[in-house]
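**Q** Dropping a structure here in structure tokens format, bear with me for questions.
Residue numbers (full-length UniProt numbering): 1 to 102.
Shown next, in the form of structure tokens:
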């Protein structure tokens, strides 16, 4: 995984001419799909470009499923460097505003 901000033409978003920090081929799409995060959905709602640029996604509804948990929440996503310079998906849950206690 290469995390440098190389501004080469093959790493540019041709729609907005903004350099990508991440390469779509270097993301573990099967692993993400296994927990409920789909490349196709991220592309359809315009969040994939944001993620590849190293930016946070818009708020999206998530249903994360593993063999031992099922979690439904609204969250933002962001690609960040993980161990061994591999990109990992950071999930930031959105908290509901609590009403003040009387």
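Here a beta-carbon is modelled for each residue, glycine too, at the ideal position from N, C-alpha and C.
Bear in mind that the values here come from a model prediction, so they are computed numbers and not experimental data.
#1: Evaluate contact between the region 59 to 68 and the region 29 to 36, counting only Cβ atoms and requiring at least three cross-stretch pairs below 8 Å.
#2: Considering only residues of the same chain and omitting the five flanking positions on each side of residue 18, which have a CB-CB separation below 6 Å?
#3: How would you call residue 27, buried or exposed, if buried means at least 16 neighbouring beta carbons within 10 angstroms?
#4: With residue 93 as the anchor, note down where its beta strand (DSSP E) starts and where it stops.
#5: Leaving aside the five residues before and after residue 61 along the sequence, list all residues of the same chain whose C-beta is less than 6 Å from its C-beta, in chain order.
#6: Among the residues of its own chain, which have a CB less than 8 Å from the CB of residue 24, if the five just before and after it don't count?
#7: What residue from 30, 93, 69, 22 has the CA that sits closest to residue 59's CA?
**A** Looking at the coordinates:
#1: Under the three-pair Cβ rule at 8 Å, the region 59 to 68 counts as touching the region 29 to 36.
#2: Reading the chain shown from its first residue, position 18 is the one you call residue 18. In the same chain as residue 18, and ignoring 5 residues on each side of it, the C-beta atoms closer than 6 Å to its own belong to 53, in chain order.
#3: Numbered from 1 along the chain shown, position 27 holds the residue referred to as residue 27. Per the 10 Å Cβ criterion, buried.
#4: Locating residue 93 in the chain shown gives position 93, counting from the first residue. From DSSP, the beta strand (DSSP E) with residue 93 extends over 87 to 93.
#5: Position 61 of the chain shown, counted from the first residue, corresponds to residue 61. Closer than 6 Å at the Cβ level, and outside the excluded window around residue 61, lie 74.
#6: The sequence position of residue 24 within the chain shown is 24, counting from 1. Excluding positions up to five away in sequence, the list reads 39, 48, 52.
#7: Counted from its first residue, the chain shown places residue 59 at position 59. The residue with the shortest Cα to Cα distance from residue 59 is 93.
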